[in-house]
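Asker: In the working numbering, the protein residues as written are 6 to 155.
What follows is the structure, given as structure tokens:
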């Protein structure tokens, strides 16, 4: 879906009477695509505006991954240190999951791996054997049809 600048600007004007907005167009030569950005800063060069939007997009993508892959929907603490701890913990978690994903034989989708490990976190299994062949059952039951606990 492509938004026409005029209709988008008309939508933005609602409640913004008297405020000036600058539309910046930047050509991405690698993809041969023109991107359009809106800003209220008239002193920055178009490349500066484009690079800031690109950095912002990477931050948005990072938080999207936190929310979707690791189910971090809100922060427990509100202090700067609490948020840092949660972000670093999530990053370490993603790193560990990516490491497991690359090392095992089974071709896991990262979100499936995270969900399966979350479901089996308290099950006493060899993680590497299970992650290599997740759908092969463990020891068969004994002659009476009961699994051996210990």
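Just so you know, even glycine gets a beta-carbon here, dropped at the ideal spot from N, CA and C.
1) For my contact list, residue 27 and residue 44 are in at a C-beta cut-off of 8 Å; report their separation, rounded to the angstrom.
2) Which of the three DSSP states, helix, strand or coil, is assigned to residue 42?
3) Mind pulling the alpha helix (DSSP H) runs of 4 or more residues that sit fully within the segment 68-113?
4) For residue 87, count the other beta carbons within 10 Å of its own beta carbon; 16 or more makes it buried, fewer makes it exposed. Which is it?
5) Could you check if residue 126 belongs to the surroundings of the ligand FMN, using beta carbon to heavy atom distance under 7 Å?
6) Just how far apart, CA to CA, sit residue 7 and residue 42?
7) Spell out the partners DSSP gives residue 32 in its beta bridges.
Answerer: From the atom records:
1) 5 Å
2) strand
3) 85-108
4) exposed
5) Judged by which ligands are present, the structure shown has none, so any question about the ligand FMN falls away.
6) Any reading at residue 7 needs caution, since the residue's pLDDT is 43, under 50, leaving its predicted position unreliable; the model's value is listed next. The alpha-carbon atoms of residue 7 and residue 42 are separated by roughly 13 Å.
7) 39
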